[in-house]
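So the sequence shown is numbered by full-length UniProt numbering: it starts at 1 and just counts up by one. Yeah, the Cβ is synthetic: ideal placement off N, Cα and C, and Gly gets one too. Since the structure is predicted, the reported quantities are computational estimates derived from the model, not experimental observations. Down below is the structure, laid out as structure tokens.
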Amino acid sequence: MINILGLCNLGSLKDIKINITSSAWGETKRLPIQGIHEHGIFNIFLPGNEIPSYMHKSKDSPISFILPILPNKIKGLNVATIYAFRKKLCDYIPLWHMIIQVNNNSKGLKWIYVPTFFGSLDVGKDMIWLSHWKSGNQLEGGDEVTVSIFVGSTDDIKFKECGIHVVYEQETTTDHSDVGGISEYWQDYYEVMPRTYLLMGGPSSYISREANWTYWEEYSERSKQLNRE
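Structural data, given as structure tokens:
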């Protein structure tokens with residue numbers, strides 16, 4: 001997964017610790033940099049202010065694009081976000097800190113990902129959140145896709161830039177991970193509306209189906225407010 005995200009060597013970062021806040025813990029811990037996997041999405045939070053050069057970059061969100069029609073099968077998406085905290089927060093960061101939403105407009109599919117774990121540094125210092133989404137067969141050449149980054153409170157977090165990269169089969173030939181794609185997690189449990197999936201509550205936390213509906217209603221209202229701002 002590290003190679004797929006274009007991170008060939010993390011050795012220089014092995015002694016760096018960042019703040020990891022989790023809705024499962026309800027507190028912030030100072031921990032070494034590490035990968036986090038949930039819902040078939042692999043995440044890593046790093047200090048830094050540069051989107052990887054192989055990605056399409058934008059200072060704005062959302063980003064919309066048409067997936068090219070190529071012989072190679074699409075394996076997934078890499079998404080990068082640069083952000084910084086505007087002020088020091090208490091141990092618990094509100095649930096809607098930062099969210100990635102991916103829409104396949106051609107197929108009428110929508111996935112909203114609320115990470116269970118979230119990385120930060122001291123106030124004003126830039127962080128980069130890198131994630132790899134395994135898409136199964138849900139993304140195909142010719143599909144129109146929109147990727148949005150939502151910040152729950154712009155008073156707390158400043159969004160600076162994002163980047164997108166489509167990963168094809170030939171780019172993952174050296175990846176022998178047997179971790180399933182997120183498509184395996186979408187069905188039934190996380191479906192809050194037809195073809196809309198709210199991915200939240202990782203392996204360290206349990207969120208009931210009824211709670212998922214409640215969170216979906218809250219997210220829907222909050223996203224409408226953010227779009228108006």
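Let me check understanding here. Comparing Cα to Cα, which of L199, E191 and E169 lies closest to L70?
Within the sequence shown, residue 70 is the residue found at index 70, counting from 1. Of the candidates L199, E191 and E169, the one whose C-alpha sits nearest the C-alpha of L70 is E169.
Rank I128, D143 and W129 by C-alpha distance to the C-alpha of S135 and give the top, closest one.
As a position in the sequence shown, residue 135 is number 135, starting the count at 1. It is D143.
Suppose you measure from the CA of G108 to the CA of V147; what does that come to, to the nearest Å?
As a first step, residue 108 is located in the sequence shown; it is residue number 108 there, counting from the start. As a first step, residue 147 is located in the sequence shown; it is residue number 147 there, counting from the start. The straight-line gap from Cα to Cα measures roughly 14 Å.
In its own chain, which residues sit with a C-beta less than 6 Å from the C-beta of E110, not counting the 5 before and 5 after it?
Stepping through the sequence shown from its first residue, residue 110 is reached at position 110. With the sequence shown as reference, residue 110 is identified as Lys, and Glu is not the correct amino acid for it. The residues are N103 and T196.
For the ligand FMN, I want to know if P47 counts as a neighbour, meaning its beta carbon is within less than 8 Å of at least one of the ligand's heavy atoms.
Annotation note on the ligand FMN: not contained in the displayed structure, which lists no ligands.
Would you call the stretch 59 to 67 and the stretch 39 to 48 in contact, with 3 or more CB pairs under 8 Å?
no
Work out the CA separation of F159 and K57 for me, nearest whole Å.
Counted from its first residue, the sequence shown places residue 57 at position 57. Counted from its first residue, the sequence shown places residue 159 at position 159. Each residue's alpha carbon lies about 13 Å from the other.
Buried or exposed: L46, going by 16 or more other Cβ atoms within 10 Å of its Cβ?
The residue labelled residue 46 in the question sits at position 46 within the sequence shown. Buried.
By Cβ distance below 6 Å, which residues in the same chain neighbour S106 in space, the five residues on each side in sequence not counted?
In the sequence shown, residue 106 corresponds to position 106, counting from 1. Here the set comprises D143 and E144.
Going by other Cβ atoms of all chains shown within 10 Å of its Cβ, with 16 needed for buried, is Y83 buried or exposed?
If you number the sequence shown from 1, residue 83 lands on position 83. By the neighbour-count rule (16 or more Cβ atoms within 10 Å), Y83 is buried.
What do you reckon, are the CB atoms on P130 and A80 nearer than 9 Å?
Looking up residue 130 in the sequence shown gives position 130. Looking up residue 80 in the sequence shown gives position 80. Sequence check: residue 130 is Leu here, not Pro. The answer is yes: Cβ separation under 9 Å.
Report buried or exposed for residue 230, applying the criterion of at least 16 other Cβ atoms within 10 angstroms of its Cβ.
Lying before the first or after the last residue shown, residue 230 is absent from the chain, which here runs from 1 to 229.
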